[in-house]
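Report on one structure; see the data block that follows.
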Amino acid sequence: MEEEKIVILINIAKDFSTVPSSRYKKDGPFSGQEFRNKFLEPHFKDPEANYLIKIILDGVEGYATSFLEESFGGLARIYGKERCLERLEFISLEDRLLVKEIKQYIEECDVE
Amino acid sequence: MKKVYQGDEWKRYSQRKSERIIKKRQQLKAKKSAKSRGFRENYNKQRTLKYQDQRKKRKRITIKAPSNFSIVNNTNEMLSFFNNYYHYVLEDKRIFFDMSGVSEMTEDAILYMLSRFDYSERILGHRYVSGNVPPNLKCQELLMESGFYNHVHYGGSMKAPSGKVFSIKTKQLVYGETAKEVIEFAKNYLNTNDGNPLKGIYPILIECMANTRNHAYDRLTNPISRWWLIAMYNEKDISVHFTFLDNGFGIPRTIRKKPFEKLADIFKGLKDSELITSALEGEFRTSTGYKWRGKGLPKIRSYVVNGEIKNMKIISNTGYVICEEDDMKTQELENRFYGTLLSWDIS
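Heads up: the protein sequence lines correspond to chains A and B, in order.
Read left to right, the first sequence gives residues 1399 to 1510 (our numbering).
Read left to right, the second sequence gives residues 83 to 429 (our numbering).
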């Protein structure tokens, strides 16, 4: 029998900010790097953990590509895209293309 | 027995002694005073000469502003005017902006003027600029409403703003809050019942601010990263016009050039407008060399292609690009624009 997954819910607008900004912490507040360090990486450190991280993307002013790429593409560069795609689930009712865009950033994270 | 110190002889001696001391002190004082007076006179003379020299050196130069004071509509003449200004800044001259002939003005010119003042003061330490107000009432109103006077020394009276202009904001970092504020401003004038026409504005502004931080500045040679933003409601078209400017090195100088382009650049064969269009089209142009970077400009272009924003104009170095839904018009400028300017409309 498959082991039940531990579900973790992250609402970006409520838990992080309604005004996510750019790529790096040095660029200004609420960067992709800050979001990744605070909210995503703690759930990826244990390779054996059976997490399902549901991320609610709605309720913010918008997302710059640099924020999304650094949060999720950056995560995939550290922990691998397979683990990211397996553990992350994105929810967006406001912009359905956003989920596709994020998955593309994860897929293309290591293209050099 | 009579005490020695009470005798007449002692009193006479003591008086003569004190008179001698007083005389000596007075002579010393007079000598010191004469010395200091001479020194002071000499010092004052030298200082006057120095200031006279400086004043001669900083003789006020009057430069006449073009009647169409607009970067997007009168690019070459305006850039020639600002190059002239920069030339006198480098010579450390006192400069007077004669705006008496200005009959048209756009907000992009105000931003560029502020960015050049900022650069001259912060990097070159030049602050001897003054000017007059254009006689045209519309231009006067634009200067007042834009918040220009909050960024320069101005002693005149201020009018209450009409609320139709989101006045100039300038910062160094990426601030989502400022982008949110300008969106709230635009929401007051645009119909948001049929979908959200402002959906693309937040990402565009963040991309622009981020480009200021990451691409537009080389922190070693130009440690000041700064951007300016203004938005204006246009009653005629029921649209909001956004203008964003940074005074960095510009897109063509900070994007990655292909080896043959580097060679062409040496022989002055490479056009800045073509480099900008190439970066907008999403060719691998990021200066970092990482494929996952450099997605900001193509994303901005995608909002034009999807029809979410209109009249997108980009000026950077000697490149001028007008983005349309299905085409990009390019122009090479005669003079260099210092930094990057983006302006667009939303209705």
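Ideal placement from N, C-alpha and C gives every residue a C-beta, glycine not left out.
A1462(A) belongs to the set of residues whose beta carbon lies under 7 Å from a beta carbon in chain B. Residues of the segment 305-318 of chain B whose Cβ lies closer than 9 Å to any Cβ of chain A: none. DSSP places E223(B) inside the alpha helix (DSSP H), whose first and last residues are L219 to S228.
If you keep only unbroken alpha helix (DSSP H) runs of at least 4 residues inside the segment 124-178 of chain B, you get 157-172. According to the DSSP assignment, Q413(B) belongs to the beta strand (DSSP E) that extends over M410 to I428. At least one C-beta of chain A is nearer than 7 Å to the C-beta of A292(B). The shortest CA-to-CA distance from I404(B) to any of M181(B), Y133(B) and L362(B) is the one to L362(B).
Non-local beta-carbon contacts of P334(B) in its own chain, meaning distances under 7 Å to residues more than five positions away in sequence, involve D354, L357, I358, S398, N399 and G401 in chain order.
Residues of the segment 260-280 of chain B whose Cβ lies closer than 7 Å to any Cβ of chain A, in chain order: A261, K262 and I265. The segment 1415-1431 of chain A makes contact with the segment 1461-1479 of chain A; the number of CB pairs closer than 8 Å reaches 3 or more.
Of all residues in the segment 1404-1431 of chain A, only S1415, T1416, V1417, P1418, S1419, S1420, R1421, Y1422, K1424, D1425, G1426, P1427, F1428 and S1429 come within less than 9 Å of chain B when Cβ atoms are compared, listed by chain position. The C-alpha of V171(B) lies about 9 Å from the C-alpha of Y210(B).
Between the alpha carbons of Q134(B) and D180(B) lies a gap of roughly 25 Å. When beta bridges are read from the DSSP output, W92(B) appears opposite no residue. Around the beta carbon of G282(B), a 10 Å sphere encloses 16 or more other beta carbons of the protein chains shown; the residue is thus reported as buried. Contact annotation for E289(B) against chain A: S1420, A1462, T1463 and S1464 [CB-CB distance below 9 Å, chain order]. Our two residues, Y95(B) and K105(B), have alpha carbons roughly 15 Å apart in a direct line. A residue is called buried once 16 or more other Cβ atoms fall within 10 Å of its Cβ, and P216(B) is buried on that count. At a cut-off of 7 Å between beta carbons, E1459(A) contacts chain B. At a cut-off of 7 Å, the C-beta of Y257(B) has a neighbouring C-beta in chain A. A Cβ-Cβ separation of about 13 Å leaves L311(B) out of contact with Y194(B) under the 8 Å criterion. Selection E123(B), T294(B) and A313(B) evaluated against E263(B) yields A313(B) as nearest (Cα-Cα). Using a CB distance cut-off of 7 Å, K220(B) does not count as an interface residue toward chain A. Beta-bridge annotation (DSSP): Y315(B) is paired with V322(B). Among the bridge pairs identified by DSSP, D180(B) is matched with K146(B). Apart from sequence neighbours up to five positions away, no residue of its chain approaches P1440(A) with a beta-carbon distance below 8 Å.
Straight-line spacing of the CA atoms in C1507(A) and E1484(A) works out to 15 Å. Secondary structure at L272(B): coil, using DSSP grouped into helix, strand and coil. Nearest to P1427(A) by alpha-carbon distance, out of L379(B), D319(B) and M291(B), is M291(B). Note: M187(B) is bridge-paired with F151(B) in the DSSP secondary-structure output. Close to G378(B), with beta-carbon spacing below 8 Å, are these residues of chain A in chain order: A1462, T1463 and S1464. In terms of Cβ geometry, I177(B) and I143(B) form a close pair [threshold 7 Å].
For the options D427(B), E101(B) and T188(B), the alpha carbon positioned closest to that of T157(B) is the one of T188(B).
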